[in-house]
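For reference, the structure is listed below as structure tokens.
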Amino acid sequence: MSIREGHLSDEAPSRVRATLLGYLSLTKPRVIELLLVTTIPAMLLAGRGTVDPLLILNTLVGGLLAAAGANTLNCVADADIDKMMKRTERRPLARDSVPRSHALIFGLVLSVASFFWLWWTTNMLSAHLAGATIAFYVLVYTLLLKRRTSQNVVWGGAAGCMPVMIGWSAVTGTIGWPALVMFAIIFFWTPPHTWALAMRYKEDYAAAGVPMLPVVATERQVTKQILIYTWLTVLATLTLALATGWLYASVALVAGTWFLAMAHQLNAGVRRGETIKPLRLFLQSNNYLAVVFCALAVDSALDLPTLLSR
Numbered sequence: 006m007s008i009r010e011g012h013l014s015d016e017a018p019s020r021v022r023a024t025l026l027g028y029l030s031l032t033k034p035r036v037i038e039l040l041l042v043t044t045i046p047a048m049l050l051a052g053r054g055t056v057d058p059l060l061i062l063n064t065l066v067g068g069l070l071a072a073a074g075a076n077t078l079n080c081v082a083d084a085d086i087d088k089m090m091k092r093t094e095r096r097p098l099a100r101d102s103v104p105r106s107h108a109l110i111f112g113l114v115l116s117v118a119s120f121f122w123l124w125w126t127t128n129m130l131s132a133h134l135a136g137a138t139i140a141f142y143v144l145v146y147t148l149l150l151k152r153r154t155s156q157n158v159v160w161g162g163a164a165g166c167m168p169v170m171i172g173w174s175a176v177t178g179t180i181g182w183p184a185l186v187m188f189a190i191i192f193f194w195t196p197p198h199t200w201a202l203a204m205r206y207k208e209d210y211a212a213a214g215v216p217m218l219p220v221v222a223t224e225r226q227v228t229k230q231i232l233i234y235t236w237l238t239v240l241a242t243l244t245l246a247l248a249t250g251w252l253y254a255s256v257a258l259v260a261g262t263w264f265l266a267m268a269h270q271l272n273a274g275v276r277r278g279e280t281i282k283p284l285r286l287f288l289q290s291n292n293y294l295a296v297v298f299c300a301l302a303v304d305s306a307l308d309l310p311t312l313l314s315r
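Okay, so the sequence shown: first residue is 6 according to the numbering used here, each after it adds one.
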């Protein structure tokens, strides 16, 4: 074998690996983690520890396909602005490492697959909820709201709340009030989580012409809104305690106090004119949501007595 042939044979696996990683990156694996954090606890709460493991697996697969499809289509729609922002300039479509038309087909295939997978393995309601989530995230949030209003993440964040609805419906075939409360928890949690990140990268969003709240409002206004939504988040978690046991209620109270303290600290720092670190709130908000929903999962799996059952 010649030196050139050997060099080409070494390059081929590298190109394949880079292509596969590019397609994987389109699905935003880190964002999909939210699916695992919220879907399983919602299913365990719906069944209070009696959920078929196969049903959980099938629901997670369907939800993963739906989230991957929606995220990929989001990347296709946002390819132009991703090139303008330092935070997203390494995404596959921003670097042209994956053809945009191929990404579009990939996203559509994943989306359709999620619908039929959930229909086949769970029920029609879960499948329709997944389809509605994809349509809302891509058509309403990405194409309609994101570039037009500073309230984009408030209403667009509803798409990220749907895994709990899908998980609950997969177990019960219906949508009960605890599912709506879990929806509210993530709905209220999304603005402070996202705005804290946007405060750190507001120059990026401004350069791309995306009117995130930190771009069009003062820091004091933004941190005040973060504080309001944090309070609403914590109150929603405490409301869910009516359907859970003492373990979840205790963790929700302690974690909520901690989350509120961070939001108040951020707001107070702005009012005092201090240098603030909003990225800390962004990162810790992930931990907060994970702790609350993990406590919900354990509480439900143990089938602890609920307040409503007494």
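Beta carbons are placed, not taken as given, at the ideal position from N, Cα and C, and that holds for glycine.
Only buried fits residue 122, as 16 or more other CB atoms lie within 10 angstroms of its CB. Sequence-distant Cβ neighbours of residue 170 in its own chain, meaning closer than 7 Å and more than five residues away, are 134, 180, 184, 188. Nearest to residue 177 by C-alpha distance, out of 129, 295, 166, is 129.
Straight through space, the alpha carbons of residue 228 and residue 280 are spaced by roughly 13 Å. Proximity to residue 106 across 115, 88, 81 peaks at 81, based on C-alpha coordinates. Distance between residue 182 and residue 124, taken at the CA atoms: about 23 Å. In the same chain as residue 159, and ignoring 5 residues on each side of it, the C-beta atoms closer than 7 Å to its own belong to 196, in chain order. Residue 174 counts as buried, since at least 16 other C-beta atoms from the protein chains shown sit within 10 angstroms of its C-beta. In this structure residue 172 is in contact with residue 44, their Cβ atoms being roughly 4 Å apart against a cut-off of 8 Å. Here the alpha carbon of residue 310 sits roughly 29 Å from the alpha carbon of residue 38. The stretch 238 to 304 contains, as complete alpha helix (DSSP H) runs of 4+ residues, the segments 251 to 276 (chain order). When the Cα atoms are used, residue 252 and residue 307 turn out to be separated by approximately 10 Å. In chain order, 216, 217, 218, 220, 221, 222 place their CB closer than 8 Å to the CB of residue 155, counting only its own chain and leaving out the 5 sequence neighbours on each side. Short of 7 Å from the beta carbon of residue 209, and not among the five residues preceding or following it, lie these beta carbons of its own chain, in chain order: 90, 91, 92.
The way I'd put it, the stretch 108 to 120 does touch the stretch 63 to 78; three or more beta-carbon pairs between them come closer than 8 Å.
Straight-line spacing of the CA atoms in residue 30 and residue 70 works out to 14 Å. For residue 32, the three-state secondary structure derived from DSSP is coil.
Between residue 120 and residue 163, the gap from beta carbon to beta carbon reaches 8 Å or more.
With respect to residue 242, residue 297 sits close: the two C-beta atoms are nearer than 8 Å. Shown here for residue 72: same chain residues with a beta carbon closer than 6 Å to its own, the five before and five after excluded, namely 37, 40 in chain order. Between residue 265 and residue 303, the gap from beta carbon to beta carbon reaches 8 Å or more. In chain order, 298, 301, 302 place their CB closer than 6 Å to the CB of residue 46, counting only its own chain and leaving out the 5 sequence neighbours on each side. Nearest to residue 248 by alpha-carbon distance, out of 186, 200, 132, 273, is 186. For the pair residue 287 and residue 201, the CB atoms are nearer than the 8 Å cut-off.
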